[in-house]
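In the numbering used here, the protein residues as written are 1008 to 1226. For reference, the structure discussed in these notes is given below.
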């Protein structure tokens, strides 16, 4: 079994996000940009506060004019300020931003646009036109339960990826060769399902998966 991962998945998600932003009204776009600027400024303030307090701690530690007791006391107070003060100030500012400029949910884009945005992923994983989308009821791979997955065959391998007809979120590609793949029908909560196994990796998929594997990989 191989696990492939497209190295530029973040770029695909950013492209999709831009297309969703383009669907906002002019006023909502302005609201979104102002909110983002304020959030970045708040993060910059957090970094500056941390830097200033750390520098102050360093300065106190090397100040020979202070007594040993006073220097240690000031250093302890400064360390407490480093731990508490920047986080508290920025948390309050974040709460204020959320109150004055609440987050605007981005509009959803249709499947045609999603499928277009996923083009780099389809090219990298070698997804052709012959594939099926099926439900993953259970899996040893975290986060895939009750998700739709895409199955296809490339170079005599069964490959499993996320459903790029409806999302661009990428968990990578699991590729199984004929010799290492075990698959069969089973029952799960009264439903007929396809179980795919390879070593410790297990996918429990919809019943159509077995027929697709047999037809496209073993014929």
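Each residue gets a CB set at the ideal place from its N, CA and C atoms; glycine is no exception.
Scanning the region 1084-1160 for uninterrupted beta strand (DSSP E) segments of 3 residues or longer gives 1138-1146, listed from N- to C-terminal end. DSSP places residue 1184 in the uninterrupted beta strand (DSSP E) bounded by 1180-1184. Residue 1164 is bridged by DSSP to 1161, 1184. In the displayed model, residue 1189 falls within a strand according to three-state DSSP. Residue environment: residue 1143 is assigned as buried (16 or more neighbouring CB atoms within 10 Å of its CB, all protein chains considered). Between residue 1023 and residue 1160, the gap from beta carbon to beta carbon reaches 8 Å or more. Shown here, residue 1071 sits in coil according to DSSP, grouped into three states, outside any helix or strand. Per DSSP, residue 1175 lies in no beta strand (DSSP E) segment and is marked neither H nor E. Each residue's CA atom was taken as its position, placing residue 1148 and residue 1115 some 27 Å apart. With respect to the 8 Å criterion, residue 1042 and residue 1108 are classified as neighbours on the basis of their beta carbons. Put simply, of 1016, 1171, 1039, 1038 the residue whose alpha carbon is nearest the alpha carbon of residue 1118 is 1171.
Rounded to the nearest whole angstrom, the C-alpha separation of residue 1056 and residue 1093 is 6 Å.
Sequence-distant Cβ neighbours of residue 1138 in its own chain, meaning closer than 8 Å and more than five residues away, are 1157, 1158, 1159.
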